[in-house]
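Contents: one structure, followed by commentary.
Number of protein chains: 2
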Amino acid sequence: MKKVKESATEKIILEAARKVFIDKGYYGARMQEIADEAGINKALLHYYFRSKEKLFETVFLEAFVKVVPSVLVILNSDEPLFKKIEHFVNNYIDILTENPFIPGFILYELSQNTKRISSLIRGTGLNPQFFIAQIYKEIESGSIKNCDPRQLIIHMLALCIFPFVAQPILQAVFFKNSVEEYRQFLRERKAEVSKFIIASIRKQQEEEITFSNPIQ
Amino acid sequence: MKKVKESATEKIILEAARKVFIDKGYYGARMQEIADEAGINKALLHYYFRSKEKLFETVFLEAFVKVVPSVLVILNSDEPLFKKIEHFVNNYIDILTENPFIPGFILYELSQNTKRISSLIRGTGLNPQFFIAQIYKEIESGSIKNCDPRQLIIHMLALCIFPFVAQPILQAVFFKNSVEEYRQFLRERKAEVSKFIIASIRKQQEEEITFSNPIQ
DNA sequence: CAAATTTTTAACTATGTGGTTAATGACTGC
DNA sequence: GCAGTCATTAACCACATAGTTAAAAATTTG
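So the protein lines, in turn, are chains A and B. Heads up, the working numbering is the position in the first sequence plus 22, with the first residue counted as 1. Heads up, the working numbering is the position in the second sequence plus 22, with the first residue counted as 1.
Written as structure tokens, this is what we have:
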């Protein structure tokens with residue numbers, strides 16, 4: 023019988039599985055390679071996790087929980103908007119720097135298995151309504167320009183996540199394939215992105231620029 | 023012997039291979055599935071393309087060429103910066119709307135097998151130097167704020183590409199899983215993104231805001 | 001039309017893969 | 001210290017998969 027508390031072996035397996043799955047994806051990963059990486063017999067993988075699919079499921083959920091909800095807390099806090107954007111961008115890029123392969127991993131597996139999305143969303147309480155309401159308030163109060171809050175949120179996500187998803191090609195094209203240069207770039211990017219966003223949405227006193235089509 | 027002009031069968035195979043590879047990725051794809059999809063015998067795949075890897079390379083390069091270089095032409099044109107940004111964003115989002123799964127495909131395969139794929143890409147002449155120089159000129163002339171041109175380019179790419187890479191989850195979270203609503207959102211996004219970028223980088227006459235750390 | 005060539009197929013092979021099993025080693029409680 | 005349970009292993013199995021082959025069908029060519 024399996025114990026509730028996870029054994030040391032179980033942790034070692036999960037660690038190895040995470041590495042291999044993130045590197046190779048579900049289909050590319052080999053149970054033997056995971057076992058080798060963990061330095062144990064392949065049968066143990068099945069002993070603890072029954073099947074490749076179950077093992078993957080566990081790894082995926084751990085990754086998802088690591089990256090998504092932590093950042094959601096910030097969006098639902100009651101900080102003022104500009105501070106919140108800075109806070110969000112800083113934290114998100116930090117978390118992703120520590121787990122640079124997780125966004126690509128999540129996006130790919132999610133595009134393969136769209137069914138899982140809805141259960142994940144339900145499980146982690148992904149709901150942008152509070153943040154959307156805050157953006158509306160700021161628009162009405164005149165501190166930011168008119169826009170569709172969903173567009174703004176997706177701008178924020180894109181600017182934070184994309185550099186990690188596209189790391190290989192960006193690193194090759196813009197940074198002579200130097201990992202160190204790319205890391206430096208990401209550090210600078212934290213400040214760069216918040217400034218970029220805030221400069222764009224902040225309303226100038228003298229003119230009222232309206233964005234097209236707020237929301238229906 | 024293989025003819026120079028590709029036969030009808032060859033086209034059918036490529037079409038089927040594209041579909042399966044994009045859906046399942048390199049490791050997930052099965053030669054038998056591609057053959058079934060094409061309605062032909064599996065041996066024909068090897069007859070025309072020798073191996074899975076060669077077939078994949080062909081498919082990948084076709085996809086890459088469809089999405090990347092066409093848009094590079096715009097960046098290397100001599101339009102003024104703001105017009106060029108609008109032009110770029112409009113064209114890119116259009117192209118991606120027609121090929122919504124290609125970005126994810128490219129990024130995924132690139133992250134799985136960076137070495138092999140980057141040698142494939144090298145032949146396609148990706149070079150942002152001209153556009154980078156243009157951005158510098160605009161900074162010097164005082165029409166846009168100071169910034170690292172690479173950051174700006176990656177902002178642009180992120181804002182265009184991310185909505186396609188993350189479509190499943192964004193659609194679920196923000197658009198009740200409605201494909202039509204998401205399409206509408208992408209249409210609006212074209213205008214939204216250029217405005218967002220230009221509003222952020224345009225320099226106001228009265229103040230000179232400097233971004234941190236231009237380039238070394 | 002018949003010979004030569006190209007295209008297509010069914011059957012096959014070698015290998016890699018996820019998963020199983022039965023035996024062994026390591027603990028744990030008494 | 002020993003019975004009983006849990007953890008670990010090597011050897012194995014069934015099956016799927018990329019790739020091959022040899023023969024048949026279709027097409028081209030003289």
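By construction, the Cβ of each residue, glycine as well, lies at the ideal position given by its N, Cα and C atoms.
Cβ-based burial, residue i [other Cβ within 10 Å; buried from 16]
i	result
glutamine 54(B)	exposed
glutamate 214(B)	buried
serine 133(B)	buried
serine 222(B)	buried
aspartate 100(A)	exposed
leucine 160(B)	Note that residue 160(B) is glutamate in the sequence shown, not leucine. Counting Cβ neighbours within 10 Å, glutamate 160(B) comes out buried, since at least 16 surround it.
glutamine 151(B)	exposed
valine 87(B)	exposed
lysine 105(B)	exposed
valine 201(B)	exposed
proline 125(B)	buried
proline 91(A)	exposed
glutamine 226(B)	exposed
Three-state class that DSSP yields for residue i in the structure shown
i	result
arginine 205(B)	helix
arginine 72(A)	coil
glutamate 229(A)	Confidence at glutamate 229(A) is low in this model, with a pLDDT of 49, below 50, so the placement of that residue is unreliable and no value is reported for it.
isoleucine 62(A)	coil
arginine 52(A)	coil
isoleucine 237(B)	Summary for isoleucine 237(B): the model assigns pLDDT 45, below 50, so the residue's position carries little reliability; its value from the coordinates is reported in the next sentence. Correct three-state label for isoleucine 237(B): coil.
Whole-angstrom distance between residue j and residue i, CA atom to CA atom
i	j	result
lysine 167(B)	arginine 138(B)	39 Å
phenylalanine 233(A)	threonine 119(A)	With a pLDDT of 49 at phenylalanine 233(A), under the threshold of 50, the predicted position of this residue should be treated as unreliable, and no value is reported.
isoleucine 117(A)	alanine 85(B)	32 Å
threonine 31(B)	glutamate 59(A)	43 Å
valine 195(B)	arginine 144(A)	10 Å
valine 111(B)	valine 95(A)	32 Å
glycine 50(A)	valine 89(B)	25 Å
leucine 208(A)	serine 141(A)	32 Å
tyrosine 156(A)	leucine 103(A)	The question names tyrosine, but residue 156(A) is glutamine in the sequence shown. Computed Cα separation, rounded: 7 Å.
arginine 211(B)	phenylalanine 153(A)	20 Å
arginine 40(B)	serine 165(B)	44 Å
lysine 113(A)	leucine 97(A)	According to the sequence provided, residue 113(A) is asparagine. The question's lysine does not apply to it. So the alpha carbons of these two residues sit roughly 11 Å apart.
isoleucine 240(B)	phenylalanine 82(B)	Shown here, chain B extends from 23 to 238; a query on residue 240(B) therefore has no answer.
arginine 52(A)	arginine 172(A)	39 Å
isoleucine 56(B)	lysine 64(B)	8 Å
isoleucine 107(B)	aspartate 45(A)	35 Å
asparagine 199(A)	isoleucine 191(B)	30 Å
glutamate 203(B)	asparagine 121(B)	18 Å
proline 236(A)	isoleucine 62(A)	Residue placement at proline 236(A) is poorly supported in this model, since its pLDDT is 45, which falls under 50; the coordinates are not used for a value here.
tyrosine 158(B)	isoleucine 115(A)	26 Å
threonine 80(B)	glutamine 193(A)	24 Å
Among the options, nearest to residue i - alpha-carbon criterion
i	options	result
phenylalanine 197(B)	Val93(A), Leu66(A) and Asn149(A)	Asn149(A)
phenylalanine 78(B)	Pro171(B), Tyr48(B) and Lys64(B)	Tyr48(B)
serine 216(A)	His109(A), Asp170(A), Asn135(A) and Ser165(A)	His109(A)
phenylalanine 123(A)	Val42(A), Glu75(A) and Tyr158(A)	Val42(A)
arginine 224(A)	Gln206(A), Ile191(A), Asn98(A) and Ser163(A)	Ser163(A)
serine 29(B)	Ile44(B), Leu66(B), Ala155(B) and Lys46(B)	Leu66(B)
glutamate 75(B)	Asn135(B), Asn199(B), Tyr158(B) and Tyr204(B)	Asn135(B)
glycine 147(B)	Tyr204(B), Ile219(B) and Val93(B)	Val93(B)
glutamine 206(A)	Ile62(B), Tyr158(B), Thr80(B) and Asp170(B)	Asp170(B)
Residue i beta carbon near the ligand ADP (any heavy atom closer than 8 Å)
i	result
proline 102(A)	The model on display carries no ligand, and the ligand ADP is accordingly not part of it.
Looking at C-beta atoms only, is the number of pairs between the region 185-205 of chain B and the region 125-132 of chain A that lie closer than 8 Å three or more? The answer is yes - the region 125-132 of chain A touches the region 185-205 of chain B, with three or more Cβ pairs under 8 Å.
Could you say if the region 169-181 of chain B and the region 170-183 of chain A meet the contact criterion of at least three C-beta pairs nearer than 8 Å? Between the region 169-181 of chain B and the region 170-183 of chain A, the count of C-beta pairs closer than 8 Å reaches three or more; the two stretches touch.
When you compare the region 32-51 of chain A with the region 65-75 of chain A, are there three or more beta-carbon pairs, one atom per stretch, that lie closer than 8 Å? The region 32-51 of chain A vs the region 65-75 of chain A: in contact.
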